[in-house]
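Number of protein chains: 8
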Amino acid sequence: MSTAKTDWSVYLSGEIHTDWRQQIISGAQAAGLPVSFAAPVTHHEASDDCGVAILGPEPDYFWHDHKGAKVNAIRTRTLIGKADIVVVRFGEKYRQWNAAFDAGIAAALGKPLIVLHGPEHAHALKEVDAAALAVAREPAQVVAILRYVIDGQLAGYTDTRQAAE
Amino acid sequence: MSTAKTDWSVYLSGEIHTDWRQQIISGAQAAGLPVSFAAPVTHHEASDDCGVAILGPEPDYFWHDHKGAKVNAIRTRTLIGKADIVVVRFGEKYRQWNAAFDAGIAAALGKPLIVLHGPEHAHALKEVDAAALAVAREPAQVVAILRYVIDGQLAGYTDTRQAAE
Amino acid sequence: MSTAKTDWSVYLSGEIHTDWRQQIISGAQAAGLPVSFAAPVTHHEASDDCGVAILGPEPDYFWHDHKGAKVNAIRTRTLIGKADIVVVRFGEKYRQWNAAFDAGIAAALGKPLIVLHGPEHAHALKEVDAAALAVAREPAQVVAILRYVIDGQLAGYTDTRQAAE
Amino acid sequence: MSTAKTDWSVYLSGEIHTDWRQQIISGAQAAGLPVSFAAPVTHHEASDDCGVAILGPEPDYFWHDHKGAKVNAIRTRTLIGKADIVVVRFGEKYRQWNAAFDAGIAAALGKPLIVLHGPEHAHALKEVDAAALAVAREPAQVVAILRYVIDGQLAGYTDTRQAAE
Amino acid sequence: MSTAKTDWSVYLSGEIHTDWRQQIISGAQAAGLPVSFAAPVTHHEASDDCGVAILGPEPDYFWHDHKGAKVNAIRTRTLIGKADIVVVRFGEKYRQWNAAFDAGIAAALGKPLIVLHGPEHAHALKEVDAAALAVAREPAQVVAILRYVIDGQLAGYTDTRQAAE
Amino acid sequence: MSTAKTDWSVYLSGEIHTDWRQQIISGAQAAGLPVSFAAPVTHHEASDDCGVAILGPEPDYFWHDHKGAKVNAIRTRTLIGKADIVVVRFGEKYRQWNAAFDAGIAAALGKPLIVLHGPEHAHALKEVDAAALAVAREPAQVVAILRYVIDGQLAGYTDTRQAAE
Amino acid sequence: MSTAKTDWSVYLSGEIHTDWRQQIISGAQAAGLPVSFAAPVTHHEASDDCGVAILGPEPDYFWHDHKGAKVNAIRTRTLIGKADIVVVRFGEKYRQWNAAFDAGIAAALGKPLIVLHGPEHAHALKEVDAAALAVAREPAQVVAILRYVIDGQLAGYTDTRQAAE
Amino acid sequence: MSTAKTDWSVYLSGEIHTDWRQQIISGAQAAGLPVSFAAPVTHHEASDDCGVAILGPEPDYFWHDHKGAKVNAIRTRTLIGKADIVVVRFGEKYRQWNAAFDAGIAAALGKPLIVLHGPEHAHALKEVDAAALAVAREPAQVVAILRYVIDGQLAGYTDTRQAAE
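Sequence lines, in order, name chains A, B, C, D, E, F, G and H. Using this note's numbering, the first residue of the first sequence is number 1, and each one after it goes up by one. Using this note's numbering, the first residue of the second sequence is number 1001, and each one after it goes up by one. Using this note's numbering, the first residue of the third sequence is number 2001, and each one after it goes up by one. Using this note's numbering, the first residue of the fourth sequence is number 3001, and each one after it goes up by one. Using this note's numbering, the first residue of the fifth sequence is number 4001, and each one after it goes up by one. Using this note's numbering, the first residue of the sixth sequence is number 5001, and each one after it goes up by one. Using this note's numbering, the first residue of the seventh sequence is number 6001, and each one after it goes up by one. Using this note's numbering, the first residue of the eighth sequence is number 7001, and each one after it goes up by one.
1. Please return the same chain residues whose Cβ sits closer than 6 Å to the Cβ of F/Glu5015, not counting the five positions on each side in sequence.
2. What is the C-beta distance between G/Ile6074 and G/Tyr6011, in whole angstroms, given that I count them as a contact (C-beta under 8 Å)?
3. If you draw a straight line from the alpha carbon of A/His66 to that of A/Asn72, how long is it in whole angstroms?
4. Tell whether a beta-carbon distance below 8 Å holds between B/Lys1070 and B/Gly1051.
5. In the stretch 3053-3080 of chain D, which residues sit with their C-beta less than 7 Å from some C-beta in chain E, listed in chain order?
6. So, is E/Tyr4061 buried or exposed, given that buried needs 16 or more other C-beta atoms within 10 angstroms?
7. Quick one: is C/Ser2026 buried, meaning 16 or more other Cβ sit within 10 Å of its Cβ, or exposed?
8. Under 7 Å Cβ-Cβ, which residues of chain E neighbour C/Tyr2011?
9. Counting only runs of 4+ residues fully inside the stretch 2024-2071 of chain C, write out the alpha helix (DSSP H) ranges in chain order.
10. Can you pull the chain D neighbours of G/His6017, defined as C-beta to C-beta under 7 Å?
11. Can you check the stretch 7065-7143 of chain H for any beta strand (DSSP E) of at least 3 residues that lies completely inside it and give the ranges in chain order?
12. Going by DSSP, name the residue or residues bridged to D/Gly3014.
13. Per the contact definition of three or more C-beta pairs closer than 8 Å, is the stretch 93-112 of chain A in contact with the stretch 7114-7132 of chain H?
14. Relative to chain A, which residues along the stretch 7087-7103 of chain H have a C-beta separation below 7 Å, given in chain order?
15. When the Cα atoms are used, what is the spatial distance from E/Trp4020 to A/Val87?
16. Could you check which residue in F/Ala5131, F/Val5115, F/Gly5152 and F/Ala5155 has the C-alpha nearest to that of F/Pro5137?
17. Name the chain C residues that come within less than 8 Å of D/His3044, Cβ to Cβ?
18. Consider the Cβ of C/Asp2151: report whether some Cβ of chain G lies at a distance smaller than 8 Å.
19. Any beta carbon of chain F sitting closer than 8 Å to that of E/Val4035?
20. So, is the C-beta of F/Val5115 closer than 8 Å to a C-beta in chain H?
21. Assuming F/Ser5009 contacts F/Pro5040 under a Cβ cut-off of 8 Å, what Cβ separation, rounded to an integer in Å, is found between them?
22. Label B/Ala1018 either buried or exposed according to how many other C-beta atoms from any shown protein chain fall within 10 Å of its C-beta, with 16 as the threshold for buried.
23. Can you give me the C-alpha to C-alpha distance between F/Ala5142 and H/His7064, rounded to a whole angstrom?
24. Would you call the CB atoms of A/Gln23 and A/Pro139 closer than 8 Å?
25. Going by C-alpha to C-alpha distance, which of G/Ile6145, G/Asp6151 and G/Val6135 sits closest to H/Ala7038?
26. What number of angstroms, rounded off, separates the C-alpha of F/Tyr5157 from the C-alpha of E/Asp4048?
27. Would the beta-carbon of H/Ile7105 fall within 8 Å of that of A/Ala107?
28. Do the CB positions of E/Ile4145 and E/Lys4111 come within less than 8 Å of each other?
29. Just to make sure I have the definition right: I need the residues of chain C whose C-beta is within less than 8 Å of the C-beta of B/Pro1112. Which are they?
30. Name the chain D residues that come within less than 8 Å of G/Asp6129, Cβ to Cβ?
31. Is the shortest distance between the beta-carbon of H/Leu7125 and the beta-carbons of chain F less than 8 Å?
32. Got a sec: is the Cβ-Cβ distance from D/Ala3166 to anything in chain C below 8 Å?
33. Under 9 Å between beta-carbons, which chain A residues line up against E/Gln4023? List them in chain order, please.
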């Protein structure tokens, strides 16, 4: 039976310094999946400065950050709330506490959570992984999951008849 | 009055070894009902192996199952959550604990529940049936229910004027 | 500003022996309001018999009623849950406990409630009226409320410029 | 095992002209059940006049009723919200729409509902009964249900060892 | 990546005597944002009189106001409930308790809140501002926030490649 | 029947410059009501300065206020969330937007709301009053409401037998 | 630090033909844990017949079961709703669909779920296990989990100082 | 007025290698505050090994961690869910993604959040801080906040009469 009428929305949270989001989006498009993707603003400087750029400068950098983080939250909290699936990527750089924070929000909202990270972070991320429905290492695995859960296609398993069901 | 603008979504949970889903879908299509159907992935081997096929093999079969069950849950929990009506079919084979588990989820979410099973399982399913709004024996009865609750059509009762209302 | 993109859904609960629903629907259509209406099945015999007609006869009339009431609940609970506004009409005939029951459901779900009844029932309906956002006597008043809350049009007050806002 | 540490709260809604509440309370006390009961104010005149008596008179009886119904709602909505079980009694007198309204609230809140009425009202109450977990005719049956669900005691079935469990 | 498929809805609450709503709507349209705006009925006399104009006159002005406020609530509560973002404007005139009341509703519903007011009201609005994700002085700042959170565009920061992402 | 086992909690929001809270508390104590009262910190200077006094000074008064308002919100949001009934008093001084904000929070949480204000504010508070279950002018009326809804006692109506029920 | 003031409630669902519940209760008592346990009525005949014994006989066994299952649901749904932790035991006998149904309810309500079953059921229970926070084989393991999560005591790991924290 | 009857529960999440929890607990006890504190199990090795120690060893360390993290989640998710206030401490060591994850859960549940960290982490924690109601540097500040929000006491501001209110 067809799930073609069901559009899925996927929020891509976390690391902003590699092209993992684009790999997932390209893969999903190549597979023809009915998915719309959302994400935080990934322009690092804009993300840091949006609060003061729009609402006025702050001499104290704490409030500079605070105003920006809240403006970004208008976007991120809304889009996580609308998402069917939340993918969170942990990379090499920075503390990435905001990625873990997003994962906590997704978990508390009952959103299916896919975590994407290398094996070197497995111990440090065990609480996040324990709340996830999948722990992937590569963006291509996330695409494969989306292809399976949305279209029922699994490489090597699904013949044409099943796929057309 | 018309409910034509309201699309209904129906999730078909449970037994995967007979064509009961296809009978319901065909019947609903023949009746011209504005319904979209959803279901778990019904390819048995793909469903069992999806976790390890995508995320890597597990020597311990418990974790093989665990990874697969979680990947399937991304699909099933999301689609049950979006459904207006949940139909759960209990058949002859296997333990089918996942069918009863889905019924429990649907009940706790307040989804209208239709249970489909033969009379030989009535006693064993009394708690599930007690939470259901209809207990049917045949797929055709589920189609008749959908036709009535969505279009107000009941064979032998509804004349043209009512139907057009 | 335009609310044209917002479709409103209105559930019309209660009395099924007069044409009050058609009056409201015709009035809303004449006013060009972006509203879709929903209602219980209003074919009295079909509504009473739907359970046994589909799922098999019951010698005990209590269970005859029970099966029918549950099948109807699949429709009514779903449509009340999807409604933006619930209108409940109390008429002259019968006990109409199901109308008051629907009103209670709507109130508990936080749905805006419009009650429609004659002045002779005001005392008996004081608890229901106290939970309502409007108590109307005539279907035309319900249309006027919908026209105002959806389009901002109030006869004698709203000039063209406002209406076009 | 003991459920003695769990206090149950039961709200008794509906008819106020017979002593059915006192029968249930006395029966529960005689059975030593850890239940606290709550109810609307059952002094008919006080219930009708509480709004104007406290907040000032109203020449229009609609608003007289309205003020009273809202003051009563402070009590009834709060106590229904706190109840583990809601019992609704439909009697002979009056329209009793407020009883059906309370039943709708209880149903929407997911409260276990016990309905108490004579067989002559079965057809008119079929929607309410369909949402209930028990339909009783006599207060003594409600006591027996409370004794079973709270203490696991069923006359003729449960021996001492079980009861002490 | 594109968020073009996500339509945002923004509710504009508060002051009705200046053209701040039109400034925001025009700005958002000029920026090509996929936003639909909603608001209370801003025709002051219609808003005050809608209850009695539709449902009948009241000699006591308290009930005149009461009927109108409830009819308006059908619109405002529904549209705030559907909004992704709630903007509340506090101006110079009147007490504007309804604006602060709407802000409280938005906060309790977890809606991202943008407050718009001059610096002279900062101390009096500190509780409302503390619950907001942005405190703006000018309608143009609200437009800039919408442009950033919806399209990721920030004047002076976002180059073409980012914007097209 | 006794509701003595049910303790009620009442939150007293709003004006802090008259002794209205003490009047209500004294009245409830005199009536022997099982009520616990909660309120914001009513020491005006402490309330304004708590943020900076504990967490460090801010040269910009906006952030001085912001830190204080958030620390106060830890108390007020928690206590409103725990309250069975919320009373909001609007007085003569200041803008009192925080009182209306609290009323909005209470309304959105479905808390029974009692509003206390003089007749001169009736028009400005019509939206808040429309969401309330009682609109009182004097603290003694709030005590009378609590006495009625908690103990079922109404001066001049309730005889001994009823009261002891 | 002490969690002694926090009483935990644990619901023990599922198989009723072995003494697993008593093993867990005895173990928790021996460990001095502040836990109260709840369970369905475990007297098999009483559980089957409670509906007709209290509310009157049914010639059709489907309705005999139905009435009983609903009366039992008053107890089980209430106690699962109040539980902090839900333990579900799957044994050898019967279909045990009600155990899986309870597990589904617990999962949808977000209750921490502990599943207790032998390795021979691991594949059939993979969906239930995937939603659980622990999968145990023996009642003693459930006691060990309760001791750890409630008191922080883990055999071989926790020294006196930690335990007293 | 007294809030003495209201017991507050505070969950202390995050860093486990310094005595910050004990400082807060001692400070609250010295101030006589009616607070009960809860926390994760802070014995590092027990926390890491609890899953395999109770439920059996795992050769793959990923599943070793996974079982432990889930058993810990039974405790942490339950206690965060019961908390009135959640305090999250970020220290020097480790990635502490679980602390940010807990903060995300608390934020999504609407729990008042107090974040405790040094100024060197302000930029990396800006998203978490933006969701908090207070950002403290020292445990003593958390005690001061608890003293203010629970008892209304602020050093240097609150005289005896206020405190006794």
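Ideal Cβ placement from N, Cα and C applies to all residues, glycine included.
According to the structure shown:
1. Arg5089 and Gly5091
2. With 8 Å as the limit, G/Ile6074 and G/Tyr6011 do not qualify as a contact, their Cβ atoms being about 14 Å apart.
3. 10 Å
4. yes
5. Trp3063
6. With fewer than 16 other Cβ atoms within 10 Å, it is exposed.
7. exposed
8. Contact note: C/Tyr2011 does not reach chain E at a C-beta cutoff of 7 Å; the least C-beta distance is about 13 Å.
9. Qualifying alpha helix (DSSP H) stretches, in chain order: 2044-2055.
10. Neighbours of G/His6017 on chain D: none; closest Cβ ~14 Å, over 7 Å.
11. 7085-7089, 7113-7116 and 7134-7136
12. D/Arg3089
13. The answer is yes - the stretch 93-112 of chain A touches the stretch 7114-7132 of chain H, with three or more Cβ pairs under 8 Å.
14. Tyr7094, Arg7095, Trp7097, Asn7098, Ala7100, Phe7101, Asp7102 and Ala7103
15. 38 Å
16. With the sequence shown as reference, residue 5137 of chain F is identified as Arg, and Pro is not the correct amino acid for it. Comparing Cα-Cα distances from F/Arg5137 to each of F/Ala5131, F/Val5115, F/Gly5152 and F/Ala5155, the minimum goes to F/Val5115.
17. In chain order: nothing, as chain C lies at least about 12 Å away.
18. no
19. Not an interface residue.
20. no
21. Contact flag wrong, Cβ pair sits at about 15 Å.
22. Ala is not the amino acid found at residue 1018 of chain B; the sequence shown has Thr there. B/Thr1018 is exposed by the Cβ-count criterion.
23. Strictly speaking, residue 5142 of chain F in this sequence is Val, with Ala absent from that position. Answer to the nearest angstrom: the Cα atoms are 59 Å apart.
24. The Cβ atoms of A/Gln23 and A/Pro139 lie closer than 8 Å to each other.
25. For H/Ala7038, the closest of G/Ile6145, G/Asp6151 and G/Val6135 by C-alpha to C-alpha distance is G/Asp6151.
26. In this structure, the straight-line span from the alpha carbon of F/Tyr5157 to that of E/Asp4048 is close to 38 Å.
27. yes
28. no
29. Ala2073, Ile2074, Arg2077 and Thr2078
30. Ordered by position in chain D, no residue passes the 8 Å Cβ test against G/Asp6129, which lies about 25 Å from the chain.
31. no
32. Since the first and last residues shown for chain D are 3001 and 3165, residue 3166 of chain D lies out of range.
33. Residues of chain A passing the Cβ test: none, with the nearest at roughly 15 Å.
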